[in-house]
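Student: In the working numbering, the protein residues as written are 793 to 1094. Just so you know, even glycine gets a beta-carbon here, dropped at the ideal spot from N, CA and C. Note that the coordinates shown come from a computational prediction; the quantities given were computed from them, not determined experimentally.
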């Protein structure tokens, strides 16, 4: 089974993405700062993984494993423990840097922004993701996840691995399938010949001048630039930095407590776009979830 590390997975987008991957049979290492909410999320993820083992989702015949490690991604020892846990599960195919810090709650103008808060935001949003990448890079470079035909097409009745059915040009010509053929396998296993992926969750605040969002936006802008350089330096990896768009999350409520967020989409609505990047082996680059969701055919950098 493929393995993912997802930070900030006790709620919001991290939890929603983790649930989707568990339902496909992925093994997961998840983290959050609070042990109670994280363990609650882990129970939900294990239940979803049991469903995958019974033939639902990815239908790989074995229940997904979930390792929950509470801690702070700003702590180097915790980051090392997350990567070590992934190694014990068999490797690492996807690293999701989702954990975030605002720097000030509620948000304030830059003139009033606490500098210690800005340092904390940079530590969580920029330094910690790079620290995890550095720790995880050897495992990511050994990754070779091949999506099943079910995952690629969304047709569970045609789920199998290998060279497609001979009548699906998209699957037959897909990079994963080509790599499988190049490895000399007509019935390829789940792991053939592609390196891992890094998904960094960004924000529109990284590219827009939004009053009171300056500290958080600066941290996310730094994450975007860091992601772009990483993609240039590690062409064997797929590096995506994604603006998920408006969401109804605890983070937003803490940022703007007086705003009515009831009309904002739930995090689960963003997950299909993230899965599409993964399934389509989209090229490294910055994406918005809205643009990925609206695209027909091959996903390309906007």
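For residue 912 and residue 826, what's the separation of their Cα atoms in angstroms?
Tutor: On the chain shown, position 120 is the one that residue 912 refers to. On the chain shown, position 34 is the one that residue 826 refers to. Roughly 17 Å between the two C-alpha positions.
Student: Is residue 1003 helix, strand or coil by DSSP?
Tutor: Against the chain shown, residue 1003 aligns to sequence position 211. In the structure shown, residue 1003 sits in coil (DSSP, three-state: anything other than H, G, I, E or B).
Student: Since I believe residue 931 is in contact with residue 879 (beta carbons under 8 Å), could you give me their beta-carbon distance rounded to a whole number of angstroms?
Tutor: Position 87 of the chain shown, counted from the first residue, corresponds to residue 879. Position 139 of the chain shown, counted from the first residue, corresponds to residue 931. Indeed they touch by this definition, with Cβ atoms about 6 Å apart.
Student: Let's test the definition: count the other Cβ atoms within 10 Å of the Cβ of residue 1035 and tell me whether it reaches 16, buried, or not, exposed.
Tutor: For the purposes of this step, residue 1035 is identified with residue 243 of the chain shown, where counting begins at 1. Buried: at least 16 other Cβ atoms inside 10 Å.
Student: Using three-state DSSP, classify residue 889 as helix, strand or coil.
Tutor: The sequence position of residue 889 within the chain shown is 97, counting from 1. DSSP places residue 889 in strand when its eight states are reduced to three.
Student: Can you tell me which of 1076, 830, 900 and 858 puts its alpha carbon nearest to the alpha carbon of residue 989?
Tutor: Position 197 of the chain shown, counted from the start, is the residue given in the question as residue 989. Considering only alpha carbons, the answer is 1076.
Student: Bridge partners for residue 879 per DSSP, in chain order?
Tutor: Taking the first residue of the chain shown as position 1, residue 879 is located at position 87. DSSP output for residue 879 lists no bridge partner at all.
Student: Tell me, please, which residues DSSP counts as bridged to residue 823.
Tutor: Numbered from 1 along the chain shown, position 31 holds the residue referred to as residue 823. Bridge partners of residue 823: 861.
Student: Which residue's Cα is closest to the Cα of residue 888: 998, 1038, 1063 and 1021?
Tutor: Counting from 1 along the chain shown, the entry for residue 888 is found at position 96. Comparing Cα positions, the closest option is 1063.
Student: Measure how close the beta-carbons of residue 1011 and residue 900 come, nearest whole angstrom, since I'm counting them as under 8 Å.
Tutor: The sequence position of residue 1011 within the chain shown is 219, counting from 1. The sequence position of residue 900 within the chain shown is 108, counting from 1. So it is not a contact: roughly 15 Å between Cβ atoms.
Student: Have a look at 987, 997, 1044 and 904 and flag the residue whose alpha-carbon is nearest the alpha-carbon of residue 1027.
Tutor: Taking the chain shown and counting its residues from 1, one reaches residue 1027 at position 235. Ranking the options by Cα distance to residue 1027, first place goes to 987.
Student: Would you tell me roughly how many angstroms separate the C-alpha atoms of residue 800 and residue 1060, rounded to the nearest one?
Tutor: Within the chain shown, the letter at position 8 stands for residue 800. Within the chain shown, the letter at position 268 stands for residue 1060. Approximately 15 Å between the Cα atoms of the pair.
Student: Tell me, to the nearest whole angstrom, how far the beta carbon of residue 893 is from that of residue 925; I am working on the premise that it is less than 8 Å.
Tutor: As a working note, residue 893 is residue 101 in the chain shown. As a working note, residue 925 is residue 133 in the chain shown. Actually they do not touch by this definition, with Cβ atoms about 18 Å apart.
Student: Spell out the partners DSSP gives residue 911 in its beta bridges.
Tutor: By 1-based counting over the chain shown, the position of residue 911 is 119. Beta-bridge pairing links residue 911 to no other residue.
Student: Mind checking whether residue 908 and residue 796 have CB atoms under 8 Å apart?
Tutor: Position 116 of the chain shown, counted from the first residue, corresponds to residue 908. Position 4 of the chain shown, counted from the first residue, corresponds to residue 796. No. Outside cutoff.
Student: How would you label residue 837, buried or exposed, when you count the other beta carbons within 10 angstroms and need 16 or more for buried?
Tutor: Taking the first residue of the chain shown as position 1, residue 837 is located at position 45. Label assigned to residue 837: buried.
Student: In terms of alpha-carbon separation, which member of 857, 833 and 823 lies closest to residue 865?
Tutor: On the chain shown, position 73 is the one that residue 865 refers to. Residue 823 is the option with its Cα nearest to residue 865.
Student: Would you give the residue range spanned by the alpha helix (DSSP H) that residue 1060 belongs to?
Tutor: Locating residue 1060 in the chain shown gives position 268, counting from the first residue. Counting along the chain, residue 1060 falls outside any alpha helix (DSSP H), and DSSP gives it neither H nor E.
Student: Can you find the residues in the same chain that come closer than 7 Å, C-beta to C-beta, to residue 1049, ignoring five residues on each side of it along the sequence?
Tutor: Here residue 1049 refers to the residue found at position 257 when the chain shown is read from its first residue. Excluding residues within five positions, the ones whose Cβ falls inside 7 Å are 898.
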